[in-house]
Structure formats: structure tokens, C-alpha cells
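Shown next, in C-alpha cells, is the structure this report addresses.
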Amino acid sequence: MSQPMGRFLGPLEQTKPQADRPGNIGIRVTTKETDMNAQVADMAMTQAQICAMIAEQNDAFRKRESAGGSGQWVFTTAIDNEGPAFLQACLEAVQAYDDFTEENDPQGTHEMGFMEVMGKKVWWKIDLYNRTFDGGAENPTSLADTRRVLTILFPSDY
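Counting in the numbering used here, the sequence shown tops out at residue 158, every number present.
This is the structure in C-alpha cells:
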């Protein structure tokens with residue numbers, strides 16, 4: 001029976017090589033709980049940064065700015081049946097929407113909105129797809145790899 005070659009001591013961390021230790025490749029092993037907590041906080045910050053980037057891109061897409069990338073705007077038959085004036089009012093309301101709160105946008109991605117248009121409750125939703133629209137976006141912050149679909153609908157259409 002062979003002996004194990006080593007054991008896991010903790011997360012690996014990239015560090016700068018120390019001049020007083022020739023051959024140091026810049027990796028150290030740590031088991032300190034505080035170091036692990038700091039790494040978890042860094043991961044959470046990274047997720048927050050990703051959500052903020054998606055929010056900026058979704059806002060730009062809603063406003064039809066190039067920073068929002070490529071995609072499509074669609075609406076349900078029920079929205080279309082309300083007529084061209086109602087549809088135009090919906091388009092303008094979606095572009096102007098800025099009522100994001102922690103309650104209605106818990107991830108902070110600005111992917112859904114709830115509003116009233118001509119006395120009727122209307123929702124809009126942005127979904128992120130891959131380039132061919134046949135699956136979810138694998139890299140949702142990449143404008144080159146992600147396509148957006150903004151759907152305007154009544155709550156009863158959901």
C-alpha cells in the first residue's frame with residue numbers, strides 16, 4: 001500500500017515571489033480562516049461586479065444604445081392587440097424605465113420592469129441568450145457572445 005504524496009492544507013493563493021527565497025514560484029498555502037473569508041468576500045464582489053456590468057448592458061439595450069449589444073425586442077399578441085398607440089407608449093415607457101429597487105431587482109441586473117401604460121399594468125423582461133438564440137448566454141457580460149431578447153407583456157401573459 002502506497003503512502004499519499006501529500007495532503008490538502010488550504011486554498012492556494014497567488015503571491016509575489018519573495019526576493020530572499022530563490023526558486024519561489026509565487027504560490028503559498030494558507031489555512032488561516034481570515035484569508036479564506038477574504039477570498040469569499042472577493043468572490044462576492046466579483047459577482048456584484050458581474051451583476052453591475054449586466055445591468056449597465058441591459059440599460060443600454062433598453063435605451064437602444066450600442067453598449068447594449070445585439071438582440072431583439074418582442075411583444076406578446078395581447079400587447080399587439082391593444083393597437084399601435086399602446087405599443088408605441090410601451091416602447092417609450094420601457095426605454096424610460098428607471099424604477100429599480102432591491103425588492104423588484106434583487107440581483108441588480110435590471111432585467112425586468114413593472115410599469116403602468118395607459119392605465120394597464122405592463123411588464124418587460126430581458127433574457128440573455130447565446131449567439132444563435134438556442135441556449136442561455138455562457139458568458140453574459142460578453143457583448144460578442146450574448147444576445148438579448150426584450151419581451152413586453154401583460155402580467156397575464158407570463
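Backbone N, C-alpha and C define an ideal beta-carbon position, used for all residues, glycine too.
Please read all numbers here as calculations on a predicted model, not as lab measurements.
Here the alpha carbon of F61 sits roughly 24 Å from the alpha carbon of M118. Judged by DSSP in its simplified three-state form, S142 adopts coil rather than helix or strand.
Contact between the segment 143-152 and the segment 119-130 is present: 3 or more CB-CB pairs across the two stretches fall below 8 Å. A direct Cα-Cα distance of roughly 25 Å separates K63 from S156. Q107 and F133 have their C-alpha atoms spaced approximately 23 Å apart. Bounds of the beta strand (DSSP E) holding T151 are 147-153. The alpha carbon of Y97 has as its nearest neighbour, out of M112, F86, Q88, the alpha carbon of M112. Straight-line measurement puts the Cα of L153 at about 11 Å from the Cα of N81. When DSSP states are grouped into helix, strand and coil, M118 belongs to the coil group.
Burial check for T46: the Cβ neighbour count within 10 Å stays below 16, so the residue is exposed.
Counted as a single uninterrupted DSSP element, the beta strand (DSSP E) harbouring Q72 occupies residues 70-75. Across the set A89, W123, Q88, the C-alpha of W123 shows the shortest separation from the C-alpha of N104. Only residues of its own chain outside the window of five on either side were considered, and among them G68, T109, H110, E111, I126, R148 have a CB closer than 8 Å to the CB of N58, listed in chain order.
Relative to T141, the option among G83, I54, A48 whose CA is nearest is I54.
Residue state for D98 is assigned as coil, using DSSP reduced to three classes. Less than 9 Å separates the beta-carbon of C90 from that of F75.
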